[in-house]
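Visitor: Numbering (my numbering), first residue to last: 9 to 276.
Even glycine gets a Cβ: it sits at the ideal position worked out from N, Cα and C.
None of these values were measured; they are calculated from a predicted model.
Handing you a structure now.
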């Protein structure tokens, strides 16, 4: 459990709104520029930050984030750079929880206890681990709990109720509800399954339930905020940077979109 993350999500709920959770990968658009891009998210109004650990063989990420990961990997990003980005962001924004979103393999190779210790030392609030089965998460969960880190697991519309209960019993911080079946990416419609998934997930836990995969506009953010505790946006921010003529223009575009979405999550 992470008190900072829980407090920010509780504060958003007390304001009768959803939290805005923004994602960007480390190493993108450059290794030093990643912290600037994340700062633009925060300046625009993001409540919680997810920093992605780029992976050469992503299974959940769609083409937009895959492109960003490829750029980051070509930039030479390493796990130490991800942790350094976390450190820079938390040092400049001590009130903003920062999580790392990563597949399990890089953490396993780094060493679960070592990664947890280094993440905590960098000021991180926890990890989102989309491909780690809860049955195999014992060593990580023990290390995370000892250091006050949240462990966020992902549920999907295909998850049966019994499976939802198993997953939510092990997670802390919040539950990441994938709004649609498939990979990440902006969509014209968020997905009708999302609200049902949130309802079913809430029946198994008191943890906040935050929805991601597909949100890219203020109207969609408002739609999701009507039934979720948090709105997670990633690909839309990445696309703004990819489309920009320069990194600085990309940061400005990210800040602008975050501000629009921050208004959206307040329209409940």
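What are the start and end residues of the beta strand (DSSP E) that includes residue 30?
Guide: On the chain shown, position 22 is the one that residue 30 refers to. Looking at the DSSP string, the run of the beta strand (DSSP E) that includes residue 30 is 27 to 33.
Visitor: What residue range is occupied by the uninterrupted alpha helix (DSSP H) comprising residue 98?
Guide: Taking the first residue of the chain shown as 1, we reach residue 98 at position 90. Residues 87 to 100.
Visitor: Note down, in chain order, each residue of its chain lying with its Cβ closer than 8 Å to the Cβ of residue 119, except the 5 sequence neighbours on either side.
Guide: Working through the chain shown from its first residue, we reach residue 119 at position 111. Excluding sequence neighbours, residue 119 sits near nothing in its chain.
Visitor: Nearest to residue 41 by alpha carbon, out of 246, 133, 274?
Guide: Taking the chain shown and counting its residues from 1, one reaches residue 41 at position 33. Nearest C-alpha to residue 41: 246.
Visitor: Could you say if the region 116 to 136 and the region 169 to 177 meet the contact criterion of at least three C-beta pairs nearer than 8 Å?
Guide: Short answer: they don't touch.
Visitor: Below 6 Å CB to CB, which residues in the same chain sit around residue 263 once its five sequence neighbours on both sides are set aside?
Guide: The residue given as residue 263 occupies position 255 in the chain shown. So the qualifying residues of the chain are 48, 51, 52.
Visitor: Count the other CB atoms, across all protein chains shown, that sit within 10 Å of the CB of residue 242; report buried if there are 16 or more and exposed otherwise.
Guide: Locating residue 242 in the chain shown gives position 234, counting from the first residue. So residue 242 counts as buried.
Visitor: Assuming residue 79 is part of the beta strand (DSSP E), what are its boundary residues?
Guide: Counting from one through the chain shown, the residue named residue 79 turns up at place 71. From DSSP, residue 79 is part of no beta strand (DSSP E) but of the alpha helix (DSSP H) over 71 to 82.
Visitor: In the DSSP assignment, find the unbroken beta strand (DSSP E) run with residue 39 in it and report its ends.
Guide: Mapped onto the chain shown, residue 39 falls at position 31. Counting along the chain, residue 39 falls outside any beta strand (DSSP E), and DSSP gives it neither H nor E.
Visitor: Give the C-beta separation of residue 265 and residue 244 to the nearest angstrom, bearing in mind that I take them to be a contact with Cβ-Cβ under 8 Å.
Guide: Stepping through the chain shown from its first residue, residue 265 is reached at position 257. Stepping through the chain shown from its first residue, residue 244 is reached at position 236. Their Cβ separation, rounded to whole angstroms, is 6 Å, which keeps residue 265 and residue 244 in contact under 8 Å.
Visitor: To the nearest angstrom, how far is it from the Cα of residue 86 to the Cα of residue 55?
Guide: Position 78 of the chain shown, counted from the first residue, corresponds to residue 86. Position 47 of the chain shown, counted from the first residue, corresponds to residue 55. Going from the Cα of residue 86 to the Cα of residue 55 covers about 26 Å.
Visitor: Can you pull the DSSP bridge partners for residue 300?
Guide: Residue 300 lies beyond the stretch modelled for the chain, which goes from 9 to 276, so this question has no answer here.
Visitor: The alpha helix (DSSP H) that contains residue 206, what's its start and end?
Guide: Here residue 206 corresponds to residue number 198 of the chain shown, with the count starting at 1. Element bounds for residue 206: 201 to 210.
Visitor: Leaving out five residues before and five after residue 195 in sequence, what residues of the same chain have Cβ atoms less than 6 Å from its Cβ?
Guide: In the chain shown, counting from the first residue as 1, residue 195 sits at position 187. Residue confidence for residue 195 is low, a pLDDT of 43 falling below 50, so the modelled location carries little weight; the figure read from the coordinates is stated next. For residue 195, where only same-chain residues beyond five positions count, the Cβ hits under 6 Å are 222.
Visitor: On a Cα-Cα basis, can you pick out the residue from 121, 218, 30 that is closest to residue 157?
Guide: Locating residue 157 in the chain shown gives position 149, where the first residue counts as 1. When only C-alpha atoms are compared, the closest one is 121.
Visitor: Within a Cβ cutoff of 7 Å, which residues of the same chain sit near residue 126, ignoring the five residues on either side of it in sequence?
Guide: Along the chain shown, read from residue 1 onward, the residue named residue 126 stands at position 118. So the list reads 91, once near-sequence residues are dropped.
Visitor: Tell me, please, which residues DSSP counts as bridged to residue 240.
Guide: Within the chain shown, the letter at position 232 stands for residue 240. According to DSSP, which records beta bridges pairwise, residue 240 is partnered with 29.
Visitor: Can you grab the Cα-Cα spacing for the pair residue 209 / residue 177, in whole Å?
Guide: Counting from one through the chain shown, the residue named residue 209 turns up at place 201. Counting from one through the chain shown, the residue named residue 177 turns up at place 169. Using only the alpha carbons, I get a separation of about 11 Å.
Visitor: Can you check which of these residues, 46, 84, 72, 183, is closest to residue 280 by C-alpha distance?
Guide: This structure gives no information on residue 280, because the portion of the chain shown stretches from 9 to 276.
Visitor: Enumerated in chain order, which unbroken segments of the beta strand (DSSP E) with a length of 3 residues or greater are wholly contained in the region 150 to 185?
Guide: List check, beta strand (DSSP E) in window: 158 to 160.
Visitor: Exposed or buried, which one is residue 200 when buried takes at least 16 other CB atoms within 10 Å?
Guide: If you number the chain shown from 1, residue 200 lands on position 192. Result: exposed.
Visitor: Is residue 224 buried or exposed, if buried means 16 or more other CB atoms sit within 10 Å of its CB?
Guide: Along the chain shown, one-based indexing puts residue 224 at 216. Under this definition residue 224 is a buried residue.
Visitor: Please confirm whether residue 80 and residue 22 have their CB atoms less than 8 Å apart.
Guide: In the chain shown, counting from the first residue as 1, residue 80 sits at position 72. In the chain shown, counting from the first residue as 1, residue 22 sits at position 14. Cβ distance not < 8 Å, so residue 80 and residue 22 don't count as in contact.
Visitor: Tell me whether residue 219 sits in a helix, a strand or coil according to DSSP, three-state version.
Guide: Looking up residue 219 in the chain shown gives position 211. The answer is strand: DSSP assigns residue 219 an E or B state.
Visitor: Taking the alpha carbon of residue 123 as the reference point, which residue from 159, 143, 141, 104 has its own alpha carbon closest?
Guide: Counted from its first residue, the chain shown places residue 123 at position 115. Ranking 159, 143, 141, 104 by Cα distance to residue 123 puts 159 first.
Visitor: I think residue 230 touches residue 258, with their Cβ atoms under 8 Å apart; what is that distance to the nearest whole Å?
Guide: Against the chain shown, residue 230 aligns to sequence position 222. Against the chain shown, residue 258 aligns to sequence position 250. So it is not a contact: roughly 25 Å between Cβ atoms.
Visitor: My assumption, with CB atoms under 8 Å, is that residue 97 sits in contact with residue 106. Please give the rounded CB distance.
Guide: Within the chain shown, residue 97 is the residue found at index 89, counting from 1. Within the chain shown, residue 106 is the residue found at index 98, counting from 1. Their Cβ separation, rounded to whole angstroms, is 5 Å, which keeps residue 97 and residue 106 in contact under 8 Å.
Visitor: Less than 8 Å between the CB atoms is what I'm expecting for residue 218 and residue 237, so what's the real figure, rounded?
Guide: Locating residue 218 in the chain shown gives position 210, counting from the first residue. Locating residue 237 in the chain shown gives position 229, counting from the first residue. About 6 Å separates the two Cβ atoms, so the contact holds.
Visitor: Do you know whose CA, among 179, 151, 239, lies nearest residue 138's CA?
Guide: Looking up residue 138 in the chain shown gives position 130. Comparing Cα positions, the closest option is 179.
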